[in-house]
Ligand SMILES: Nc1ncnc2c1ncn2[C@@H]1O[C@H](COP(=O)(O)OP(=O)(O)OP(=O)(O)O)[C@@H](O)[C@H]1O
Ligand SMILES: [Mg+2]
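Residue numbers (UniProt numbering), protein chains in the order written: chain A, 1 to 321; chain B, 1 to 319.
Structure (structure tokens):
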């Protein structure tokens with residue numbers, strides 16, 4: 001409210017948000033900023049605090065410290081005003097097994113006091129249609145497959161037009177076709193102006209759809225920003241594939257390439273950090289040929305988010321002990 | 001995420017229709033935060049949805065079947081006992097509940113009283129304990145609670161809807177037992193003027209009215225355990241655990257209520273005045289014990305209702 005212009009383009013803003021469960025500090029003072037209109041990837045290994053953060057944002061659990069604002073209103077205080085404008089899928093879908101898929105949606109829609117009962121049937125139909133479940137909507141939810149449950153959970157999040165969608169690992173349990181459909185759906189929603197906040201531990205999934213990303217590890221927010229910037233912070237590696245890895249190594253070392261590692265017939269190394277010192281790749285290639293190194297593949301590999309993650313944390317993408 | 005082709009087709013064809021839909025249809029974009037102001041009566045949707053969810057569970061149906069079966073069993077047993085004529089040589093325990101059984105063979109309406117007296121000590125409160133205990137804990141354990149809360153149902157509103165639907169179940173369960181007893185009684189036994197516990201005679205029509213009043217009092221007797229069960233339900237994430245705890249408390253209270261040495265606490269036990277409904281069958285009706293029962297139920301509802309509210313509105317939903 002204090003800065004209307006600045007606040008208007010941020011849909012989620014936390015300050016020092018922290019959550020301590022009895023023993024563990026699940027979330028450790030994070031300052032998260034999610035710009036309006038972005039597809040925001042919330043990354044982190046298992047147990048890094050993603051779901052805990054989302055639960056705090058949705059007012060399900062109270063923070064131990066810090067504040068959270070969602071759609072420019074404080075949470076959990078303004079939950080009744082904020083949540084009708086937010087669709088959420090939190091830690092997988094949860095359904096009433098003895099109700100049909102359609103009746104599950106009717107139940108969740110009835111729980112929203114801002115949902116007009118006269119248009120309920122139309123809303124439910126539209127949501128079922130959107131996730132491709134229209135044909136199976138009469139089936140009892142306990143007879144649904146994991147992917148169908150996931151779709152129904154998504155349908156519940158899409159019952160109303162939302163300003164913000166919070167999706168906690170939405171592609172969990174989906175077949176490749178289903179994953180593609182989710183990505184298409186996310187892009188479609190984003191094109192409509194919905195901000196999508198997407199948690200995942202699948203780095204390439206984030207890379208494919210997200211405009212922005214944040215990385216969590218052990219409850220701390222390590223970095224956040226536009227995806228290109230995150231990946232650009234890390235240099236790509238030079239890779240040479242061929243039957244003479246030892247020779248290739250020697251040539252590359254001559255050009256100041258560091259951190260050389262050989263993996264079978266593939267040699268990779270880091271180009272010098274100083275842009276002025278980076279040699280022309282054509283020169284390196286010519287030198288390799290001149291040295292009689294047989295080359296099958298040669299080139300600079302684009303830094304992936306995984307590289308960025310490893311560079312940031314100095315560790316792999318594993319569960320912290 | 002409908003399959004690519006049909007989705008594209010769908011979106012293109014009704015494009016013209018969709019433009020007018022924008023004003024009122026479900027696809028309407030939220031123009032501002034206040035685009036969808038709630039109406040007060042929309043809130044009843046949650047209560048209705050709760051009722052549907054309670055009554056469509058197979059468990060609820062099974063409980064109702066048991067409640068309908070008890071009077072049937074009692075009726076058939078009495079009928080077999082008295083086939084040779086004469087009346088049941090029952091316990092003859094004064095004017096306490098089971099005594100009604102003696103009159104059943106003379107007047108089928110008494111099966112309603114006997115049926116309620118037989119189900120009130122255990123079957124009815126057990127059914128209510130199961131439904132109330134499961135109300136919040138079952139949804140927490142199943143994970144559906146978090147989706148109701150982000151819908152957003154609102155914690156107080158959801159708890160109120162749940163308590164209201166448990167109370168409706170109290171009434172429905174009592175009526176199931178009463179109506180079953182009424183039907184069985186009328187089918188198996190002669191029916192006529194009702195002899196009250198005071199020895200006077202009242203016409204059948206008035207006897208029926210008093211039976212209805214008794215059913216309502218029995219339902220009201222369950223208000224306390226409903227609140228207790230709801231409170232237990234807000235404490236745990238395990239539906240089964242909450243049901244077992246509530247039924248366990250019921251049994252404990254019943255036992256304590258029957259130990260003479262513990263008479264000091266007995267007037268505060270929610271089961272203590274349960275059989276006061278028999279006073280309706282006196283002429284004139286005496287209201288003291290009935291009033292105490294209703295007051296005690298209201299007290300339990302207030303105490304455990306507030307405790308449930310305090311717990312539920314402040315707790316972390318981590319399941
Ligand atoms: N209800 C709880 N009680 C105690 N500790 C918890 C609870 N929920 C989570 N934790 C702990 O908090 C930490 C963060 O958990 P969280 O579920 O937020 O991780 P996550 O990033 O969502 O992981 P995943 O990718 O596996 O979903 C973990 O160490 C976990 O053990
Ligand atoms: Mg998680």
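Every residue, glycine too, gets a C-beta built ideally from N, C-alpha and C.
Looking at the strands, I want to know which residues DSSP matches up with residue i.
i, result
"residue 251 of chain A", "Looking at the DSSP assignment, residue 251 of chain A forms no beta bridge with any residue, so it has no partner."
"residue 300 of chain A", "A:238"
"residue 19 of chain A", "A:27"
"residue 88 of chain A", "A:166"
"residue 140 of chain A", "A:100"
"residue 225 of chain A", "A:213"
"residue 67 of chain A", "A:15"
"residue 208 of chain B", "Residue 208 of chain B is not bridged to any residue."
"residue 110 of chain B", "According to DSSP, residue 110 of chain B bridges with nothing at all."
"residue 189 of chain B", "Answer is none; residue 189 of chain B lacks a bridge partner."
Considering only the alpha carbon of each residue, which of the options lies closest to residue i?
i, options, result
"residue 312 of chain B", "B:290, B:47, B:174 and B:139", "B:139"
"residue 217 of chain A", "A:240, A:201 and A:119", "A:201"
"residue 175 of chain A", "A:154, A:153, A:148 and A:152", "A:148"
"residue 141 of chain A", "A:293, A:197 and A:105", "A:105"
"residue 11 of chain A", "A:69, A:62 and A:65", "A:69"
"residue 96 of chain A", "B:148, B:40 and B:108", "B:148"
"residue 167 of chain B", "B:47, B:293 and B:198", "B:47"
"residue 302 of chain B", "B:319, B:285 and B:270", "B:270"
"residue 207 of chain A", "A:15, A:131, A:40 and A:23", "A:40"
"residue 249 of chain A", "A:229, A:270 and A:230", "A:270"
"residue 247 of chain B", "B:121, B:274 and B:162", "B:121"
"residue 277 of chain A", "A:37, A:19, A:256 and A:209", "A:256"
"residue 210 of chain A", "A:13, A:34 and A:18", "A:34"
Applying the 10 Å Cβ sphere with the 16-neighbour rule, what's the burial state of residue i?
i, result
"residue 117 of chain B", "buried"
"residue 46 of chain A", "exposed"
"residue 21 of chain A", "exposed"
"residue 283 of chain A", "exposed"
"residue 146 of chain B", "buried"
"residue 286 of chain A", "exposed"
"residue 155 of chain B", "buried"
"residue 179 of chain A", "buried"
"residue 24 of chain B", "Bear in mind that a pLDDT of 38 at residue 24 of chain B, under 50, signals an unreliable position, so the number given afterwards is only what the model happens to contain. Looking at its Cβ environment, which holds fewer than 16 other Cβ atoms inside 10 Å, residue 24 of chain B is exposed."
"residue 68 of chain B", "buried"
"residue 268 of chain B", "exposed"
"residue 190 of chain B", "exposed"
"residue 285 of chain B", "exposed"
"residue 189 of chain A", "buried"
"residue 8 of chain B", "For residue 8 of chain B, the predicted model reports a pLDDT of 37, less than 50, meaning its position is unreliable; a value from the coordinates is still stated below. Residue 8 of chain B should be labelled exposed."
"residue 42 of chain B", "buried"
"residue 198 of chain B", "exposed"
"residue 56 of chain B", "exposed"
"residue 287 of chain B", "exposed"
"residue 260 of chain B", "exposed"
"residue 77 of chain A", "exposed"
"residue 316 of chain B", "exposed"
"residue 297 of chain B", "buried"
"residue 29 of chain B", "The pLDDT assigned to residue 29 of chain B is 40, lower than 50, so where the model puts this residue is not dependable, and the model offers no usable value."
Would the beta-carbon of residue i fall within 7 Å of that of residue j?
i, j, result
"residue 27 of chain A", "residue 49 of chain A", "yes"
"residue 84 of chain A", "residue 114 of chain A", "yes"
"residue 300 of chain A", "residue 238 of chain A", "yes"
"residue 181 of chain B", "residue 112 of chain B", "yes"
"residue 153 of chain B", "residue 126 of chain A", "no"
"residue 202 of chain B", "residue 194 of chain B", "yes"
"residue 108 of chain B", "residue 185 of chain B", "yes"
"residue 263 of chain A", "residue 243 of chain A", "no"
"residue 142 of chain B", "residue 88 of chain A", "no"
"residue 289 of chain A", "residue 267 of chain A", "no"
"residue 25 of chain A", "residue 213 of chain A", "no"
"residue 245 of chain B", "residue 232 of chain B", "yes"
"residue 276 of chain B", "residue 264 of chain B", "no"
"residue 174 of chain B", "residue 218 of chain B", "yes"
Along chain E, in chain order, which residues have C-beta atoms closer than 9 Å to that of residue i?
i, result
"residue 146 of chain B", "Absence of chain E from the displayed structure is noted, the protein chains being A and B."
Name the residues in the stretch 46-79 of chain B whose C-beta lies less than 8 Å from a C-beta of chain A; which are they? 46, 48, 49, 52, 53, 56, 57 and 58
Relative to chain B, which residues along the stretch 102-113 of chain A have a C-beta separation below 9 Å, given in chain order?
-> Cβ contacts with chain B come from 103, 104, 106, 107, 108, 109, 110, 111, 112 and 113.
Practice problem: Quick one: which residues of the stretch 121-152 of chain B get their C-beta closer than 9 Å to a C-beta of chain A? List them in chain order. | Solution: 139, 142, 143, 144, 145, 146, 147, 148, 149, 150, 151 and 152
**Q.** Residues within the stretch 279-302 of chain B neighbouring chain A, beta-carbon criterion of under 7 Å
**A.** Here the close residues number zero.
Looking at chain B, which residues of the stretch 252-274 of chain A have a Cβ within less than 7 Å of any of its Cβ atoms?
none
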